[in-house]
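A.B. asks: The listed protein sequences derive, respectively, from chains A and B.
1 is the number of the first residue of the first sequence in full-length UniProt numbering; add one for each residue after it.
1 is the number of the first residue of the second sequence in full-length UniProt numbering; add one for each residue after it.
Glycine included, C-beta positions come from ideal geometry on N, C-alpha and C.
Dropping the structure in here first, questions after.
2 protein chains.
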Amino acid sequence: MNERDKNGPADDSREVCEPTEGGLSRRDWIAGLEKGLLILEAFDFDNQRMTSAQVAARTGLSRTAARRYLLTLEHLGYLHSEGKTFALTPRVLKVGWSYFDSAPLPRILQPFLQQITGQTGEAVYASVLDGWDLVFIARNGATRVMTTGFVLGARVPAQLASPGIVMLSALPEQQVRDWLATCAMTPFTPHTITDPDQLYALIAQARQLGYAVVEQQLQTGVRGIAVPLKNRHAKVIGALSLSLPMAAEAREQTLARILPALQQAANALINLV
Amino acid sequence: MNERDKNGPADDSREVCEPTEGGLSRRDWIAGLEKGLLILEAFDFDNQRMTSAQVAARTGLSRTAARRYLLTLEHLGYLHSEGKTFALTPRVLKVGWSYFDSAPLPRILQPFLQQITGQTGEAVYASVLDGWDLVFIARNGATRVMTTGFVLGARVPAQLASPGIVMLSALPEQQVRDWLATCAMTPFTPHTITDPDQLYALIAQARQLGYAVVEQQLQTGVRGIAVPLKNRHAKVIGALSLSLPMAAEAREQTLARILPALQQAANALINLV
């Protein structure tokens, strides 16, 4: 059950919706759209194929309602069924893909990412926050990490990677603390920090330094460096980052080599984003 | 207006839907879901920011209905508004992205793509058909095309690239001929074939050869080679392909170097997909 469910109608079959928190009036609310999107998002690595009962359990819909959504989505070509289970089709990619086709930010960033790769010889990423996840929205690459690195649209819990830490450091302190105290932290390596206080110290350090260095949180032997991407109102709207194998270079050496290129690009972007 | 609209209800405000062609019964149809997804797909390179009037014009909805959908999608976090215009947020990526997280095909393909890159030193792609578009669902890469090549989820008119030609060659002849006769062909290079008969000849040749070679249809100086990806029922479910600069090598030389690696991987995959 996600954040949105607090606002939307509790059941798709309900005819009368209360006015919602965000100020959307009842007559403007399209019943059915929220639950349908929630169902598409419910398919993931651990839930590749689901029956209507499984979808019902994951979304809080009744089994009958879940089945209607699944059949509608199958009819629209977003799902296909085998026996009683449903799975996503490549058609769903069209929905997400339109972001890269249509959003100005990834295209504005591209030449700056190319410049960073030119200066450093490294693959570089741009990301934004979506809730408490960071999402990679642009990148430019060198060979080394390209085949194993993050691809566009990949999504990572914000506290596990340098761009996430640097973006979290721009949010109101109490909001971040409250979230850290309640979110479930999955360790990805023996070094992954799961203690809220330690994580908050990392975030506070990034705020003070103006950049983040994060080591082995998501992958052993990998160090990430990120700087905030600010707009002309000094609002942090994203991050520029790169990931490097730690064995190749000492931390200070990497910072001296990488940080100026990242900061220069971020400065040049201030009046463009 | 796309294919789906022939099946679904003509207007979201309509309370009674006719039974649909595909056999989905009226009581299983979720009104609102189709139009909402259609609106998300309506944002593209030429329509990055749209007013409710523009969305209405592109989707066939009334302006009032379009506005309700836009406000609902904004409330759900899929759109943000500036003044009277709406644009996609990175949240839409979550919908498409779940395909890569959840669909078994891309993951099954990955080690075989790695093998092809190992044997040829080239970036290699796997794609499937979605309607008359081909969609890249997996890839493994070498430097050269990685920074400029197709990214996961990219979508190309099927007749313009080798994997598309090889997948079209597996469809019923009349169906492909009918489509070629009616679809609008945009030339991307001076060499792009827009004549239906010439395109059909290319498709027929691919059917006969068991692979496709396509030159300069989408990009000048680039040659694509593709083989069909078949399942154990001999049904073509996708294609393996790579793109190479034509200047570097003669066509026969490229085929001799590349084709065995592609065919070997496709053969090994027959019992796995």
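Please tell me whether leucine 61 of chain A has its Cβ less than 7 Å away from any Cβ of chain B.
C.D. replies: It does not; no Cβ of chain B falls within 7 Å.
A.B. asks: Taking only the alpha-carbon atoms, compute the straight-line gap between valine 16 of chain A and asparagine 267 of chain A and give it to the nearest angstrom.
C.D. replies: Here the model assigns valine 16 of chain A a pLDDT of 34, short of 50, so the residue's position is not dependable, and the following value carries that caveat. Cα to Cα, the separation comes out at about 50 Å.
A.B. asks: Which one of A/Ala204, A/Thr192, A/Thr85, A/Ser102 has the shortest CA to CA distance from leucine 79 of chain B?
C.D. replies: For the residues A/Ala204, A/Thr192, A/Thr85, A/Ser102, the minimum Cα distance to leucine 79 of chain B belongs to A/Ser102.
A.B. asks: Going by beta carbon distance, what residues of the same chain come within less than 7 Å of alanine 170 of chain A, once the five residues before and after it are set aside?
C.D. replies: Around alanine 170 of chain A: Pro228, Val236.
A.B. asks: For tryptophan 97 of chain B, which residues of its own chain have a beta-carbon under 8 Å away from its beta-carbon, when the five flanking residues on both sides are left out?
C.D. replies: Once the five neighbours on either side are set aside, tryptophan 97 of chain B has no close Cβ partner at all.
A.B. asks: With a CB to CB cut of under 8 Å and the five nearest residues on each side skipped, what residues in its chain are close to threonine 143 of chain B?
C.D. replies: At threonine 143 of chain B, the pLDDT of 41 sits below 50, so the modelled position is not reliable; the number obtained from the coordinates is stated separately. Cβ within range, chain order: n/a, list empty.
A.B. asks: Between the region 23 to 40 of chain B and chain A, which residues of the former have a C-beta closer than 7 Å to a C-beta of the latter?
C.D. replies: Residues Leu24, Asp28, Trp29, Ile30, Ala31, Gly32, Leu33, Glu34, Gly36, Leu37, Leu40.
A.B. asks: Rounded to a whole number of angstroms, what is the C-alpha to C-alpha distance between lysine 84 of chain A and proline 90 of chain A?
C.D. replies: Taking the straight line from one Cα to the other gives about 20 Å.
A.B. asks: Going by CA-CA distance only, name the one from B/Leu218, B/Ala57, B/Trp132, B/Arg58 that's closest to isoleucine 193 of chain B.
C.D. replies: Closest option to isoleucine 193 of chain B, Cα to Cα, is B/Leu218.
A.B. asks: Please report how far the alpha carbon of glycine 210 of chain A lies from the alpha carbon of glutamate 173 of chain A, in whole angstroms.
C.D. replies: Straight-line Cα distance between these residues: approximately 16 Å.
A.B. asks: What residues in its chain sit with their C-beta under 7 Å from that of isoleucine 203 of chain B, if we drop five residues either side in the sequence?
C.D. replies: Here the set comprises Ile165, Leu168, Ser169, Val176.
A.B. asks: Considering only DSSP beta bridges, list what leucine 88 of chain A is partnered with.
C.D. replies: DSSP lists A/Leu79 as partners of leucine 88 of chain A.
A.B. asks: Please name the residue, chosen from A/Arg49, A/Leu244, A/Arg251, A/Gln48, that lies closest to tyrosine 125 of chain A on a Cα-to-Cα basis.
C.D. replies: Of the candidates A/Arg49, A/Leu244, A/Arg251, A/Gln48, the one whose C-alpha sits nearest the C-alpha of tyrosine 125 of chain A is A/Leu244.
A.B. asks: List, in chain order, every chain B residue whose beta-carbon is nearer than 8 Å to that of threonine 72 of chain A.
C.D. replies: Result: Leu24, Asp28, Trp29, Ile30, Leu33, Glu34.
A.B. asks: Between A/Leu38, A/Ser162, A/Ala261, which has its C-alpha nearest valine 128 of chain A's C-alpha?
C.D. replies: The option with the nearest alpha carbon to valine 128 of chain A is A/Ser162.
A.B. asks: Quick check: is the beta carbon of phenylalanine 43 of chain A nearer than 7 Å to any beta carbon in chain B?
C.D. replies: Chain B contact via Cβ: present.
A.B. asks: For tyrosine 125 of chain B, which beta-bridge partners are listed by DSSP?
C.D. replies: Beta-bridge pairing links tyrosine 125 of chain B to B/Arg139, B/Ser241.
A.B. asks: Which residues, taken in chain order from the region 94 to 112 of chain B, show a beta carbon closer than 7 Å to some beta carbon of chain A?
C.D. replies: Here the close residues are Lys94, Val95, Gly96, Trp97, Ser98, Tyr99, Asp101, Ser102, Ala103, Pro104.
A.B. asks: For methionine 146 of chain B, is the classification buried or exposed, using 16 other Cβ atoms within 10 angstroms of its Cβ as the cut-off for buried?
C.D. replies: With a pLDDT of 37 at methionine 146 of chain B, under the threshold of 50, the modelled position of that residue is not reliable, and no figure is offered here.
A.B. asks: Answer yes or no: do lysine 94 of chain A and glutamate 34 of chain B have a C-beta to C-beta separation smaller than 7 Å?
C.D. replies: No, they are not a contact pair.
A.B. asks: Are threonine 59 of chain B and isoleucine 30 of chain B touching if we call contact CB-CB under 7 Å?
C.D. replies: In this structure, isoleucine 30 of chain B does not lie closer than 7 Å to threonine 59 of chain B by Cβ.
A.B. asks: Return helix, strand or coil for methionine 246 of chain B, following the three-state DSSP convention.
C.D. replies: Helix, per DSSP.
A.B. asks: Isoleucine 116 of chain B CB to nearest chain A CB: under 7 Å?
C.D. replies: No, no contact with chain A.
A.B. asks: Leaving out five residues before and five after serine 62 of chain A in sequence, what residues of the same chain have Cβ atoms less than 7 Å from its Cβ?
C.D. replies: Contacts found: Ala56.
A.B. asks: Could you tell me the distance, in whole angstroms, from the CA atom of methionine 185 of chain A to the CA atom of arginine 155 of chain A?
C.D. replies: For methionine 185 of chain A and arginine 155 of chain A, the distance between alpha carbons rounds to 15 Å.
A.B. asks: Is the beta carbon of glutamine 119 of chain B sitting closer than 7 Å to the one on alanine 239 of chain B?
C.D. replies: No; because the gap between Cβ atoms is not below 7 Å, this pair is not in contact.
A.B. asks: So what's leucine 229 of chain B in DSSP terms, helix, strand or just coil?
C.D. replies: If DSSP states are grouped into helix, strand and coil, leucine 229 of chain B belongs with the strands.
A.B. asks: By the DSSP assignment, the alpha helix (DSSP H) with aspartate 163 of chain B in it spans what residues?
C.D. replies: This sequence places proline at residue 163 of chain B; aspartate is not what is there. From DSSP, the alpha helix (DSSP H) with proline 163 of chain B extends over 162 to 168.
A.B. asks: Tell me, which residues are paired with proline 157 of chain A by DSSP?
C.D. replies: DSSP lists A/Asp133 as partners of proline 157 of chain A.
A.B. asks: Taking just the CA atoms, how far does arginine 49 of chain A sit from leucine 70 of chain A?
C.D. replies: Approximately 12 Å between the Cα atoms of the pair.
A.B. asks: Using the three-state DSSP reduction, which class does proline 19 of chain A fall into: helix, strand or coil?
C.D. replies: Since pLDDT at proline 19 of chain A reaches only 38, below the 50 mark, its modelled position is unreliable, and the value read off the structure follows with that caveat. Coil at proline 19 of chain A, not helix or strand.
A.B. asks: Is asparagine 271 of chain B helix, strand or coil when you go by DSSP?
C.D. replies: Coil at asparagine 271 of chain B, not helix or strand.
A.B. asks: Looking at the structure shown, is glutamine 253 of chain A part of a helix, part of a strand, or coil, going by DSSP?
C.D. replies: In this structure, glutamine 253 of chain A counts as helix in the three-state DSSP scheme.
A.B. asks: Thinking C-beta only, is alanine 212 of chain B closer than 7 Å to alanine 226 of chain B?
C.D. replies: Contact flag set, yes.
A.B. asks: For the region 228 to 260 of chain B, enumerate the residues whose C-beta is nearer than 8 Å to any C-beta of chain A, in chain order.
C.D. replies: Listed in sequence order: no entries.
A.B. asks: Residues of chain B with CB closer than 7 Å to the CB of proline 90 of chain A, please, in chain order.
C.D. replies: Within chain B, the residues near proline 90 of chain A are Tyr99, Val128, Asp130, Val135, Ile137.
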